[in-house]
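Right, one structure below, let's go through it.
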Ligand SMILES: C[S@@+](CC[C@H](N)C(=O)[O-])C[C@H]1O[C@@H](n2cnc3c(N)ncnc32)[C@H](O)[C@@H]1O
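Residue numbers (full-length UniProt numbering): 1 to 285.
Right, dumping it as structure tokens:
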């Protein structure tokens, strides 16, 4: 089978299984199998696939047809222009989360602080912590997750991007692993913690609910349980004027602002490019 034929076959097969991005997914999976980028696939459309490549491609197409996300099949996901290793132990980083990183960057730039300190709670693949460390050369980051498997992937990503010397990975619940002597010293706390209301989980797309870790999704009754628990600790560890960034889902902006005591925080809701509520940015008074 030629590359060109394989692309058509893959697209039609995934279309039949109602995969929305059938064309792109067929290209990405064939790129993985051949080692060619997408332009290469078109330039070398007449090239024959080996029997082994055909078998690998069919097996990836089957798994995609069953709903497995492309990023778990390729093992990588791009975030903030960087490639991150992903496995089913971690949430696949979403483009929506880039707003959180951009907001943290803007704040760190404005403060002109020497050797700033950041904490990333619920670090998962390390996408937020590592992007920040790559983009702010003097930044030190403490990155926390409950999941040992997720932390192993985050460490791997930190090595890949050569920032492992500036990130301390710690396993534990929310800010519990933080050394008490760091109280009042942190510039930014980033948190993309699970915020999906428990009752919404069964209605999620199958590629999310059947393949991504539920520890990364379920935020309790209204989705804000973990943020409720995080806020008092965040207030203790941030320095005055420090910034807490909490990613949220559409409609959670006002409820999330209400759980921030108004005598201690100035807060605002930020919208993503699609105009949906995506972030609560809270400055400690
Ligand atoms: C929505 S994922 C976000 C992953 C990553 N920060 C990102 O933006 O792609 C949430 C992460 O929080 C972790 N997590 C869930 N509950 C936690 C808790 N109580 N303390 C620390 N981490 C937690 C999960 O294991 C998961 O890796």
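A virtual CB, placed ideally from N, CA and C, is assigned to each residue, including glycine. Being a predicted model, the structure only gives us computed values, none of them experimental.
Under the rule that a run must span 4 or more residues, the alpha helix (DSSP H) segments found entirely inside the UniProt domain "Methyltransferase" (117 to 246) read 127 to 135, 148 to 160, 206 to 209 and 225 to 237.
Going by C-alpha positions, residue 189 is about 10 angstroms away from residue 230. Here the alpha carbon of residue 25 sits roughly 7 angstroms from the alpha carbon of residue 70.
With the rule of 3 Cβ pairs closer than 8 angstroms, the stretch 175 to 188 does not count as touching the stretch 215 to 224. Linking residue 39 to residue 205 through their CA atoms gives a straight-line distance of about 30 angstroms. The stretch 242 to 256 makes contact with the stretch 98 to 115; the number of CB pairs closer than 8 angstroms reaches 3 or more.
For residue 83, the three-state secondary structure derived from DSSP is strand. Two segments are said to touch when three or more pairs of C-beta atoms, one from each, lie closer than 8 angstroms; by this definition the stretch 166 to 184 does not touch the stretch 88 to 104. Residue pairing of residue 270 in beta bridges, as defined by DSSP: 279. Beta-bridge partners of residue 76 (DSSP): 85. In the DSSP assignment, the residues bridged to residue 2 are 48.
A distance criterion of 6 angstroms places the beta-carbon of residue 150 in contact range of ligand 1, judged by its closest non-hydrogen atom.
Counting the other CB atoms within 10 Å of its CB gives residue 34 a total of 16 or more, which places it among the buried residues.
By the Cβ-count criterion, residue 265 is buried, with 16 or more other Cβ atoms from all chains shown falling within 10 Å of its own Cβ. DSSP, reduced to helix, strand and coil, places residue 284 within a strand of the structure shown. Looking at the backbone, the Cα of residue 143 and that of residue 80 are separated by about 18 angstroms.
Counted as a single uninterrupted DSSP element, the alpha helix (DSSP H) harbouring residue 23 occupies residues 22 to 34. Taking residue 97 as the centre and dropping the five residues before and after it, the same chain places the C-beta of 79, 127, 128, 192 and 247 closer than 8 angstroms to its C-beta, in chain order.
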